[in-house]
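Structure record follows, encoded as structure tokens.
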Amino acid sequence: MAGAPGQESRNRSMPDNKYGKLFANHALYDYLLTHSYRPNVHLDELHQVTMKHRRAGMCSPPDSIPLLQLLVHLVNAKKIVEVGVFTGYTSLGMALALPEGGRIYACDISDEYPAVGRPSWKAAGVEDKIDLRIAPASETMDSFLQNGEEETFDMGFIDADKSGYDTYYEQLLKLLRPGGVIVVDNTLWDGSVTDPERQDPDTVAIRAINDKIFKDDRVTMCMLPVSDGVTIALKK
Ligand SMILES: C[S@@+](CC[C@H](N)C(=O)[O-])C[C@H]1O[C@@H](n2cnc3c(N)ncnc32)[C@H](O)[C@@H]1O
């Protein structure tokens, strides 16, 4: 992202990454990345650290970063809720695109994973833009609503426990101003959404939120084959 700290092109080689779940053709995925993801030293370092973590599979792949950063710019976001931080790879990506004074309220149930990413946030100079809220995300968002912060947020990113997606979506619809966007991750769920044998609670919850958003007149929406499937819902 032009102008963002550390965004200068160190070299064009990609960080070690798992391939986008939707891409069986790795050469094509590399092509997509080298024409979409602009290397950033801090993001690359955090991605490499995260890929060594025992829960590495929870981290979004790099193709999600340009999409999130573009959305931050498109909606002129200054106030974002992120539901599900892990090591904060996506938090860092969004923070790099935020203007001075912008904040990400980054919700996670534990500080264990975000602590891994904090040195990278600091090195990138965006630590102050990531306001960690350690509690169940629904409680954190309830507290925003109780504080009278309805319709004051510009963007929400849902990437946590799948059984909570419906609750998070409804809370974010209250918290976002009209014209704000909700980004929902994992909406193609590694292909499980079309597998009739997959009836586990997470897959059922993903199908339910996909059906709901598709029919929801409160938003204009689009499902994209980025990352593990990303749905963007713009609040009318
Ligand atoms: C898929 S990871 C987030 C990945 C991150 N957005 C990224 O792409 O780098 C999901 C995170 O949600 C957190 N989580 C799970 N249940 C939660 C809850 N009820 N409230 C808040 N966070 C939760 C987990 O601790 C985990 O860090």
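Numbers -3 to 232, taken from my numbering, label the letters of the sequence shown in order. Heads up, the beta-carbon is just placed ideally off N, CA and C, and yes, glycines get one too.
Scan the stretch 157 to 196 and note each continuous alpha helix (DSSP H) run of 4 residues or more that stays entirely inside, going in chain order. Here the runs fully enclosed are 161 to 171.
Residue 224 by DSSP, collapsed to three states: which one? coil
Under the criterion of a Cβ to heavy atom distance below 7 Å, does residue 233 qualify as lining ligand 1? For residue 233 there is no data in the structure shown, the boundaries of the chain being -3 and 232.
Are the beta-carbon atoms of residue 43 and residue 120 separated by less than 8 Å? no
For residue -2, name the three-state secondary structure that DSSP assigns. Below a pLDDT of 50, predicted positions are generally treated as unreliable, and residue -2, at 32, falls in that range; the measurement from the model is reported next regardless. If DSSP states are grouped into helix, strand and coil, residue -2 belongs with coil.
Which residue wins for smallest C-alpha separation from residue 118, given the options 217, 22 and 87? 87
Do three or more CB pairs link the stretch 152 to 159 to the stretch 175 to 184 at distances below 8 Å? Result yes; three or more Cβ-Cβ pairs closer than 8 Å.
Apply the 10 Å Cβ neighbour rule to residue 195 and answer buried if 16 or more other Cβ atoms are within range, or exposed otherwise. exposed
How about the stretch 90 to 108 and the stretch 61 to 75: do they share at least three Cβ pairs that are nearer than 8 Å? Enough Cβ pairs lie closer than 8 Å, so yes.
Buried or exposed for residue 215, going by 16 or more other Cβ atoms inside 10 Å? By the C-beta density criterion, residue 215 is buried, having at least 16 other C-beta atoms within 10 angstroms.
So is residue 167 buried or exposed if we call it buried at 16+ other beta carbons inside 10 Å? buried
Identity of the residue in 41, 26, 133 and 193 nearest residue 112 by Cα: 41
Decide yes or no for the touch test of the stretch 186 to 194 against the stretch 121 to 140: beta carbon pairs closer than 8 Å, at least 3 of them. no
Count the other CB atoms within 10 Å of the CB of residue 27; is the residue buried (16 or more) or exposed (fewer)? exposed
Where residue 71 sits in the DSSP three-state scheme: coil
Please state whether the Cβ-Cβ distance between residue 130 and residue 157 is less than 8 Å. no
Spatial distance of residue 19 from residue 30 (CA atoms): 15 Å
Cutoff 6 Å; reference residue 102; Cβ partners in own chain excluding five residues on either side: 78, 81, 87, 126 and 128
For the alpha helix (DSSP H) containing residue 150, name the first residue and the last one. Residue 150 -> not in any alpha helix (DSSP H); beta strand (DSSP E) instead, spanning 149 to 154.
N- and C-terminal bounds of the alpha helix (DSSP H) containing residue 101: That residue, residue 101, is in no alpha helix (DSSP H); its beta strand (DSSP E) goes 99 to 104.
DSSP on residue 214, reduced to helix/strand/coil? Three-state result, residue 214: coil.
Does residue 174 pass the burial test, meaning 16 or more other C-beta atoms within 10 Å, or should it be called exposed? exposed
Rounded straight-line distance, which links the Cα of residue 200 to that of residue 73: Between the alpha carbons of residue 73 and residue 200 lies a distance of about 31 Å.
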